[in-house]
Amino acid sequence: LTGYDAAAVRYTQRQIPYRQTAVISFIAFAVGMNVGFSALSGGAIRYRLYSALGVTASDIAKIVLFATVTFTLGSLSLIGGALLFSSAGHAILRLPEEVVRAIGLALLIVPVLYLTASISRRAELRIGFWELPVPEPRIAGAQLLLASSDLLCASAVLYVLISPAAGVDYLTFLAIYLVAMVAGLLSSVPGGIGVFEAVIIASLHQAESAPLLGSIILYRA
374 LTGYDAAAVR YTQRQIPYRQ TAVISFIAFA VGMNVGFSAL SGGAIRYRLY
424 SALGVTASDI AKIVLFATVT FTLGSLSLIG GALLFSSAGH AILRLPEEVV
474 RAIGLALLIV PVLYLTASIS RRAELRIGFW ELPVPEPRIA GAQLLLASSD
524 LLCASAVLYV LISPAAGVDY LTFLAIYLVA MVAGLLSSVP GGIGVFEAVI
574 IASLHQAESA PLLGSIILYR A
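Quick note: to get this note's numbering, add 373 to the position in the sequence shown (first position is 1).
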């Protein structure tokens, strides 16, 4: 997680030591994930701490946006891959398998286009009055690697805890986990409490709900 901010700071071409960005990132993610409205609450923490280091409001906004884009790229890559290569999507979305695979392919196209733009385009991306430099290929690649690694590790922790009860392979569980996490984030409920659990329990309907819920509580702890 601290890599999100380290890469974002490099993107803004600021010279801030990793030990400082790591502390800011740790606090911002801890508050954002537990309070809810992570972009706003975590963004407020970043604004307070980065401004104390002399970072301008414009660059802080870029750092917050960069972290959000990084997480989105990782999520789209893994959800797209899981829907495309596992059978979980059909069970979760209740759609024909061909439609689910088409959705997975469409989600994978977004990070591919992002990487392509970083390789082929050196101009700035203009959004209203903002001019955002397109990341270098190594930074764009780092975004995908960071977010994917983060989500793979987090999902693996829960999979280890519930694997006997789940009765599914890891790739199938990964799709379920990611859909549950995204649903929790979109709900803006602090920590996605209730939403995250409901999606996983509903998706793993073949498992007993009581031990499954116990495993999720242990995962949160």
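Even for Gly, the Cβ is constructed at its ideal location relative to N, Cα and C.
Please read all numbers here as calculations on a predicted model, not as lab measurements.
Three-state secondary structure assigned by DSSP to PRO506: strand
Which residue wins for smallest C-alpha separation from ILE573, given the options SER561, SER588, ALA553 and ARG383? ALA553
Option nearest ALA412 by Cα separation, candidates VAL483, LEU422 and PHE439: PHE439
Taking the C-alpha atoms as reference points, what is the distance between SER521 and ILE452? 10 Å
If you drop the 5 nearest sequence neighbours on each side, which residues of the same chain put their C-beta closer than 6 Å to that of PHE314? It is not possible to answer for residue 314, since the shown part of the chain is limited to 374 through 594.
Rounded C-beta distance between ILE535 and SER576? I'm assuming under 8 Å. That belief does not hold up - the Cβ atoms of ILE535 and SER576 are roughly 12 Å apart, past 8 Å.
How is the alpha helix (DSSP H) around ASP542 delimited, first residue to last? Taken as a continuous stretch (DSSP letters only), ASP542 belongs to no alpha helix (DSSP H), as it is neither H nor E.
Out of ILE492, LEU518 and LEU525, which has the shortest C-alpha to C-alpha gap to PRO510? ILE492
How big is the Cα-Cα spacing for VAL541 and ALA583? 18 Å
Taking the beta carbon of GLN579 as the centre, do at least 16 other beta carbons fall within 10 Å, making it buried, or is it exposed? exposed
Taking the alpha helix (DSSP H) that GLY447 falls in, what are its first and last residues? 430 to 458
When ARG392, ILE418 and GLY454 are compared against ALA434, the one with the closest alpha-carbon: ILE418
In whole angstroms, give me the CA-to-CA distance for TYR487 and VAL428. 26 Å
Put PHE421 into one of helix, strand or coil per three-state DSSP. Phe is not the amino acid found at residue 421; the sequence shown has Arg there. Looking at ARG421 - three-state DSSP - the assignment turns out to be helix.
Between ALA490, THR489, SER459 and ARG467, which has its C-alpha nearest GLY477's C-alpha? SER459
If you run the structure through DSSP and keep just helix, strand and coil, what is ILE512? helix
Given ALA475 as reference, the closest of LEU457, TYR592 and ILE389 once Cα atoms are compared: LEU457
Under 8 Å between the Cβ atoms of SER354 and LEU531? Absent from the structure is residue 354, since the part of the chain shown begins at 374 and ends at 594.
Output needed for ALA379: all residues of its chain with C-beta closer than 6 Å, excluding positions within five of it in sequence on either side, in chain order. TYR391 and THR394
Counting C-beta neighbours from all protein chains within 10 Å, is the total for THR545 16 or more, i.e. buried, or is it exposed? buried
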